[in-house]
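There are 2 protein chains.
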Amino acid sequence: MIRLLLAEDHHLVRGAFVALLGTEPGIEVVGEAGRGDEAVRLAAELRPDVAVLDIDMPVMDGLEAAERLATVAPACRIVIVTGHGRPGYLRRAMEAGVRGFVGKEHPATALAKIIRQVHEGRRYIDPELAADALALRECPLTPRELDTLRAAAGGAPVSRIARALGLSEGTVRNYLSAAVTKLAADNRHAAVRHAKDMGWL
Amino acid sequence: MIRLLLAEDHHLVRGAFVALLGTEPGIEVVGEAGRGDEAVRLAAELRPDVAVLDIDMPVMDGLEAAERLATVAPACRIVIVTGHGRPGYLRRAMEAGVRGFVGKEHPATALAKIIRQVHEGRRYIDPELAADALALRECPLTPRELDTLRAAAGGAPVSRIARALGLSEGTVRNYLSAAVTKLAADNRHAAVRHAKDMGWL
DNA sequence: TTCAGCCGATGACATTTGTCATATCGGGGG
DNA sequence: CCCCCGATATGACAAATGTCATCGGCTGAA
């Protein structure tokens, strides 16, 4: 019997997953969490064999939860489930030692099989998402350029970004200009979007 | 027996819903769709009693599908399911004659009950989302201002927006300026974000 | 009919951004 | 030790953006 921990912020979806997996022989859902930190706490307590983590959760996301689980409950194999296939997610998951990675586009019938496969110590990576990740380039931005871009998300004017980072306005513009150039974007807002899509932000 | 049509773009989630509802006595899932247009086609063909539509779907979203179903299959009662509780969605749904509206945060066990209730001709509105909607202010932007803002999302420069909408650049800037002023934003990008948050985009 | 409000446009102007050259300072690699 | 690179800054200039006044056409409500 595989003891499973399920983390997914949408209660309705989580309940549906429980119904889906509950019918599977050999799988038992022993815990449910709606946030990443809850999942970590429950995993430490329940010692499940496998944890299925959604990425998109409030307070602590599934990737951070996976990273913590690696130290808190190293015996627990992890399957990450994600709605939007941002490249970069997969990379982070791999670095955290995650063994399963599937998109929500994946056929539902395959999930139980994937869980069993991961439980046996094998890996499963959604081929669709793996293909995206292979095309993923290294981030060409320096750390400070990334900071600046991050602060620029949300449409703040240069003056506020400069204040937020404790830099001069000129410096901020230099960084943003460099980022825009490197990403071949029209302006910083497009650059922000691009960086987000590539999983660099 | 309630004949149910299920529309949800994420295959994994859809399959889970089928599992969840499949265990319910008196409910039978007769069709599944991954896009709004598919749902409309299937509803016309299968004549289900109730359709459960996710809002967030590619090509045609759940709200538009609901609007079309009102004419294509008027006997079919509709339950809308939504992940993010953008205000404005509820309003549109009500105008389309939708009888059920639940967030994905809703307890999963309640879904079957809601479907039965809607099938009987009663209504069910998620109290959480209803509260948000009551606090909803009217959108102060004119239709064209909204179009322009929409085209500005993603960081396109004015020149491209103008081309996309077939307007002069001056006009585009006027609209954007008006939108920025009305929303008390620093610039159009902040205005886009604000409008999105309010469910106006 | 008159008036208000939206649509679309133009021109002028101030401000914000984006770009570039250039400078200093520190750290790391050859 | 020297050189390069990243972080930080300044100044200058061009381009994009935001704001405002103003115009004419159209439509719906009073």
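As given, the protein sequences belong to chains A and D, one line each in that order. According to UniProt numbering, the residues represented by the first sequence are 1 to 201, in order. According to UniProt numbering, the residues represented by the second sequence are 1 to 201, in order. Cβ atoms here follow ideal geometry from the backbone N, Cα and C, with glycine treated the same way. The structure presented is a predicted model; accordingly, all values stated were derived computationally and were not measured.
Item to check | Members of the segment 4-16 of chain A that neighbour chain D once the beta carbon cut-off is set at 7 Å | outcome: His10, His11, Leu12, Val13, Arg14, Gly15, Ala16
Item to check | 7 Å CB neighbourhood of Phe101 of chain A in its chain, flanking five on each side removed | outcome: Ile80, Leu90, Ala93, Ile125, Asp126, Leu129
Checklist entry - Quick one, which of A:Arg14, A:Arg123, A:Glu24 has its alpha-carbon nearest Gly34 of chain A's? => result A:Arg14
Checklist entry - Is any beta-carbon of chain A found at less than 8 Å from that of Gly26 of chain D? => result no
Checklist entry - Between Thr181 of chain D and Val30 of chain D, what straight-line distance do the alpha-carbon atoms span, to the nearest angstrom? => result 50 Å
Checklist entry - Between D:Val158, D:Pro140, D:Leu12, D:Lys196, which lies nearest to Ala190 of chain A when the distance is taken from Cα to Cα? => result D:Val158
Item to check | chain D residues whose Cβ lies nearer than 7 Å to that of His189 of chain A | outcome: Gly155, His189
Checklist entry - Is the beta carbon of Ala152 of chain A less than 8 Å from the beta carbon of Leu176 of chain A? => result yes
Checklist entry - Of the residues that make up the segment 66-85 of chain A, which ones have a beta carbon closer than 9 Å to any beta carbon in chain D? => result Val81, Gly83
Next on the checklist: Could you tell me the alpha carbon to alpha carbon distance between Gly121 of chain A and Leu183 of chain A, rounded to whole angstroms?
Outcome noted: 39 Å
Checklist entry - To which residues of the same chain is Met1 of chain A closer than 8 Å at the C-beta, ignoring the five residues directly before and after it? => result Gly26, Ile27, Glu28
Item to check | Spatially closest choice to Val118 of chain D from D:Glu105, D:Ala131, D:Cys76, D:Glu45, by CA coordinates | outcome: D:Cys76
Checklist entry - What is the residue span of the alpha helix (DSSP H) that Leu69 of chain D lies within? => result 62-72
Checklist entry - Of the residues A:Val50, A:Glu8, A:His84, A:Phe17, which one's Cα is nearest the Cα of Glu38 of chain A? => result A:Glu8
Item to check | Among A:Ile161, A:Ser168, A:Ala162, A:Glu145, nearest to Ala195 of chain A - alpha-carbon criterion | outcome: A:Glu145
Item to check | 4-residue-minimum alpha helix (DSSP H) runs that sit fully inside the UniProt domain "Response regulatory" (3-119) of chain D, ordered along the chain | outcome: 11-22, 36-46, 62-72, 89-95, 111-119
Next on the checklist: Against chain D, which members of the segment 119-142 of chain A pass a CB distance test of less than 8 Å?
Outcome noted: none
Checklist entry - Within 8 Å (strictly less), CB to CB, does Glu38 of chain D reach chain A? => result no
Item to check | 8 Å contact criterion, which Leu4 of chain A and Val59 of chain A should meet: CB distance rounded | outcome: Not quite, the Cβ-Cβ distance comes to about 22 Å (not below 8 Å), so this is no contact.
Checklist entry - Can we count Pro157 of chain A as close to the ligand ADP, meaning its CB is less than 7 Å from some heavy atom? => result Ligands are entirely absent from the displayed structure, and the ligand ADP is therefore not among its contents.
Next on the checklist: Can you pull the chain D neighbours of Ala108 of chain A, defined as C-beta to C-beta under 7 Å?
Outcome noted: His11, Leu12, Arg14, Gly15, Ala16
Checklist entry - Shorter than 8 Å from the beta carbon of residue 212 of chain A to some beta carbon of chain D? => result This structure cannot speak to residue 212 of chain A, because chain A is shown only from 1 to 201.
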